[in-house]
Amino acid sequence: MSTILQTTDSASQVYALEITCPLGLENVLEKELHAEGLTQTRLGEAQVKLTTDLEGMYKACLWSRVATRVMLPIANFKMESADDLYDGVKAIQWSDHMKVTNTMAIDCHGTNHHIRNTQFGAVRAKDAIADYFVALTGERPNVEKEQPEVRIALRIKRDVVTVSIDLSGESMHRRGYRQHGGMAPLKENLAAGLLLRAGWGTDCGLTQLIDPMCGSGTFLVEAAMMSLDIAPGLRRPYWGFKGWKQHDHRMWQQLMDFAKNRKKDPTTLGIRFQGADREQKAIAAARENIKRAGLSGVIDVTMTSFQEHEFDITPEMPGLVITNPPYGERIGDEMALIALYRQLGEWVVNNVRGWQFMMLTSNDHLARQIPVRPEKSTRVINGGIECRAYRFPLLDGSIKEDVVAQAAMTPGAQMFANRLQKNAKKLKKWVEKNKIQCYRVYDADMPEYAVAIDIYQDWAHVQEYQAPKSVDPEKAKQRLFEVMSAIPTALNISESNVILKQRQRQTGKEQYEKFDQTKHEMIVEEYGCDFIVNLKDYLDTGLFLDHRPVRKLIQDKANGARFLNLFCYTATASVHAGQGGARSSLSVDMSNTYTEWARRNIELNEFSDLHHQVERADCIEWLKQSRDKFDLIFMDPPTFSNSKKMADVLDIQRDHGELVRLAMARLARGGELIFSNNYRRFVLDEALEQEYDVKNITRETLDPDFDRNDKIHQCYIIKNKSA
């Protein structure tokens, strides 16, 4: 049997609302409701229950900065079957809440043994409401999923169903000033709740607010709206109560007019709002959000790192630093971010002593890099990730002075940073002249720092070589930390754009496997060719940087040629051949992943798949069976492969003679084979030099970023001897 929770007999109707909010901010929501005179409250999990009249309902919608939704439960009932759901919903007096001409949408949350699918639950409820109106008027209301006139929420918890009118209509974090879609920033109501938790408010006495990593500016905008007493719901174009039958338009308009008049004059505010971020996209989004919120001239944001930016600070005046730095989801990300958090902690201690500092992060280890004892922390959920908001009082008794003294870059890190800067300076003219976007800036130049560092536009891809067993693991870890802490400063790259991988020796039947599933792809350019690279998901990125000159050589030789690319990987050489005017190309590899990647690279460069084909096959078996002829062949086999797709194990030192002979059999008269491999102890079979014209071009295929290591690959041009 359905229990009706709300009736409509007079303008003084009392409503029992459920106001939801981010988990952990229930007390903050209750406090702000009390500030608006809405005192009949009761705390729940991620919600506050409020008993109030129609005016109080509107105030909660208009003025709550922390609320997610304002729900009006209208009935609840027990459900022992799907039919009970239908009957319970149909029994509600829907004519008290909506007209048959209203559009509606139904959101179903929760399942049980009878309703195993939320979509099924929503459909059953929709049918019940439609049948109710058909019986009453002979017509049925229309469904409108986007901004319906009445939005209905169905909550199923075990065998109890609660039916509510969603008065907010959509999440109240949508204030109307931020364009959603491109980024995934902090939600506005969570930002507001953390600001309130940190002590910010309309008349809090604080005169300065800084977000040193401001992103799209959410903390700054929400803080300015509080200080100016701007109602968070003032700009919202859509509310769920607009089509509700008990909506009083005149009362709502009066409250809106009052809210507009309540806004303070920005010129008399006397509060500085400042933000910085080194990401151009973030600052562009922040400036757009500030403009849309009507706060231009109130908030100042700058595209620079907080370490370098000179904020306008009056130390003797009270203020708040609040920020949401990157968290890091993998061990490599965390290693890169340790340095960032230490620098952040050092910055607040040295620049804003006496202030309050709040930081949101999901990583407790990173939070401990701040050299201040936290006063308290609040557990919240941000974007589905469990986080904590740490509040640090920047007072003498809370600051760990001994940690601050050690926070500067270690001598080892400084030495490594100096080497990086020296290398980058040496390569700068060559990089700029040749428009090189991807290059190696360091490759174990100092043996104790055994890493390779490659630049991909504004990203650093770091590969740690496995340390010998004789090296103390703790020392190796410390040196890796010094590497990761030096990179952002030395190369002017954001800490969140530094990716770490560990490259280990392969033995036995080991094969490199997939690292991640982020699909972190970007497009880079090389000599007029575009390539898709993925910096996170695999050990290698899709582009072998040391083969850059080899690819350019292929581009120069390819005009009018029939080109064959064996062990093609992602077909970057085939793209260069196409760019050089190859008549056709065929790229062969036995990996599903790489042949698909190869097709995407060829398509990206707008080459016809009719003339530039990709084939998945075992290259050795393919060579044995093929009878086609080619003018130019590139073969770069792996050092070792035991893939299940191969008929036999490939060992390049042992098997390269057979491979070369098979490839040479596919050369047309006057054709050339470019043969390369990266086995560092490779020795070419002397018999090949007797059978063919062989030229070692290894030194000619090493660009300045690899000339310190002439063992990175070995490369030969092989031709059939003239008769």
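Residue numbers for the sequence shown follow the numbering used here, so the first one is 510 and each next one is one higher.
Glycine included, every Cβ here is placed at the ideal spot set by N, Cα and C.
Can residue i and residue j be called in contact, C-beta distance under 7 Å?
i	j	result
A639	K599	no
E957	Q1011	no
L929	Y951	yes
D1214	Y948	yes
M722	T870	no
N798	S886	no
E1124	V1097	yes
A1107	S1094	no
F820	Q783	yes
L547	L559	yes
V659	F586	no
R1057	D1219	no
E1197	V1169	It should be pointed out that residue 1197 corresponds to Leu in this sequence rather than to Glu. Contact flag set, yes.
Where does residue i fall in DSSP's three states?
i	result
N770	helix
I879	coil
Y965	strand
S886	strand
P827	coil
N1218	coil
M1144	strand
M868	strand
D809	strand
G1179	strand
N1186	strand
W603	helix
D592	helix
K587	strand
K790	helix
F750	helix
E554	coil
Could you give the C-beta distance for residue i and residue j, rounded to a whole number, given that I count them as a contact under 8 Å?
i	j	result
G702	L534	4 Å
E1034	Q946	6 Å
E653	A614	6 Å
A700	E731	5 Å
Q865	G708	6 Å
S677	W748	7 Å
L581	A631	Not a contact, Cβ separation roughly 18 Å.
E1181	K1045	Contact doesn't hold; Cβ gap of about 37 Å is too wide.
L1009	V980	Their Cβ separation, rounded to whole angstroms, is 18 Å, which puts L1009 and V980 out of contact at 8 Å.
I1161	L1073	Not quite, the Cβ-Cβ distance comes to about 18 Å (not below 8 Å), so this is no contact.
Pull up the distance between the alpha-carbon of residue i and that of residue j, whole angstroms please.
i	j	result
Q688	P920	45 Å
R683	T727	12 Å
V992	K773	50 Å
S1100	D1140	25 Å
D1049	I962	13 Å
I996	V1007	8 Å
N1187	M955	21 Å
F642	G752	16 Å
P1240	K540	For residue 1240 there is no data in the structure shown, the boundaries of the chain being 510 and 1232.
T529	V609	29 Å
Q717	I822	8 Å
M1144	V810	52 Å
C570	D720	28 Å
G597	L552	28 Å
L1119	K1138	17 Å
S1003	R787	7 Å
V861	G854	11 Å
Y836	E1030	20 Å
I847	K769	45 Å
P650	C617	18 Å
L936	N1068	30 Å
M844	A876	13 Å
L454	R771	Any question about residue 454 goes unanswered here, given that the chain covers just 510 to 1232.
E825	L989	40 Å
R1109	L1062	23 Å
P902	L705	15 Å
N927	W856	22 Å
D1243	T1210	Residue 1243 falls outside the range modelled here, since the chain spans only 510 to 1232, and no answer is possible.
L542	S573	7 Å
query: What are the start and end residues of each continuous beta strand (DSSP E) run of 3 or more residues lying completely inside the stretch 626–680, in chain order?
result: 659–666, 669–675
- request: Kindly provide the ranges of any alpha helix (DSSP H) runs that are 4 or more residues long and lie completely inside the stretch 1039–1126, ordered along the chain.
  value: 1057–1066, 1081–1088, 1101–1113
Unbroken stretches of the beta strand (DSSP E), 3 residues or longer, contained in the stretch 925–987: Listed in chain order, they are 947–952, 960–965, 968–974.
message: Could you tell me which whole beta strand (DSSP E) segments of length 3 or greater appear in the stretch 680–733?
response: 717–720
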